[in-house]
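In this note's numbering, the protein residues as written are 6 to 267.
Where is the CB? At the ideal position from N, CA and C, for every residue including glycine.
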């Protein structure tokens, strides 16, 4: 291991093989740092945090701080970060707000400078968050989502797989999978065709999604009627079924957020 002498590492911290810790980093006890991780200068890793192998944390990032939730009373909770993530300068990720629960980040994600992930959020894999993206508590971000810079996400929002969020957008409702959305408040502007192509989706699959998009967002049908029409017209692909199921779940919560219990 390559540990700078100015780093402060609690003896109860568990460090894997070939870990690098740069100047003035702080790693508290009850933490697990996977093999081949790189911990940048002035990084703070608080108790209850786990980092998967090959993850790189850049200068000044703070991981595992208590949640920014006035109901939190110090109960033990966790932050679990997967493998091969890049967390850039001064990003912040908070642990969960309830005892025994965890904020979760998957694998192969890029969180750029000053981005934030709030308590109890769950992020999947291969997500790109540009600078200053703020994800509030209890959000779910599915795989392969791309965020432009300066995006704000309301608590309890779900963002479906392979969506693309335009910069400076205000997200207060769930974002359906495969969509390009943007604005204040954000709304769908089309299908994320290039993203789907990058993930090896066939032209037939994309055409089926485009047809579903037109009925859901560019027709006079309400959501339930649009979904019925989509399902009646053809045998839906797995992607179309995922989109229609997502759309039907949105109204199960409050304010267009399927996870919002209020």
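Annotation for residue 13: 31 place their beta carbon closer than 6 Å to its own, counting only its chain and skipping 5 residues before and after. Judged by beta-carbon spacing, residue 248 lies within the 8 Å limit of residue 183, meaning their Cβ atoms are closer than that value.
Look at residue 162 here: in three-state DSSP terms it is coil, with no helix or strand label. Exposure of residue 19 is indicated by the presence of fewer than 16 other C-beta atoms within 10 angstroms of its C-beta. Residue 184: member of the beta strand (DSSP E) spanning 184–188, first to last residue. If the five residues before and after residue 228 are omitted, its C-beta is found closer than 6 Å to the C-beta atoms of 252, all from its own chain and listed in chain order.
Residue burial annotation: residue 27 is buried, with at least 16 other C-beta atoms found within 10 angstroms of its C-beta. Proximity to residue 242 across 57, 226, 209, 234 peaks at 209, based on C-alpha coordinates. Annotation for residue 263: 163, 179, 254, 255, 257 place their beta carbon closer than 7 Å to its own, counting only its chain and skipping 5 residues before and after. In the DSSP assignment, residue 247 falls within the unbroken alpha helix (DSSP H) covering 243–255.
According to the DSSP secondary-structure assignment, residue 115 is paired through a beta bridge with 91, 133. Measuring C-alpha to C-alpha distances from residue 62 to each of 133, 165, 50 identifies 50 as the nearest. The Cβ neighbour count for residue 96, taken over all protein chains shown within 10 Å, is at least 16; the residue is labelled buried. Residue state for residue 264 is assigned as coil, using DSSP reduced to three classes. A straight-line Cα-Cα distance of about 38 Å links residue 88 and residue 219. Considering only 81, 174, 72, 90, the residue with the shortest C-alpha distance to residue 40 is 90. Runs of beta strand (DSSP E) with 3 or more residues, each lying fully within the stretch 24–70, are found at 54–56, 67–70, listed in chain order.
Here the C-alpha atom of residue 174 lies approximately 8 Å from the C-alpha atom of residue 158. Non-local C-beta neighbours of residue 106 in its own chain, meaning closer than 6 Å and more than five positions away in sequence, comprise 82, ordered along the chain.
When the beta-carbon positions are compared, residue 110 and residue 86 come within less than 8 Å of each other.
DSSP, read as helix, strand or coil, puts residue 19 in strand.
In the structure shown, residue 232 adopts helical secondary structure according to DSSP, grouped into three states. Around residue 70, the same chain offers 51, 99 as residues with beta carbons nearer than 6 Å, after the five sequence neighbours per side are excluded.
Ranked by Cα distance from residue 193, the options 7, 149, 168 are led by 168.
Residue 199 sits in a helix when the DSSP states are folded into three classes.
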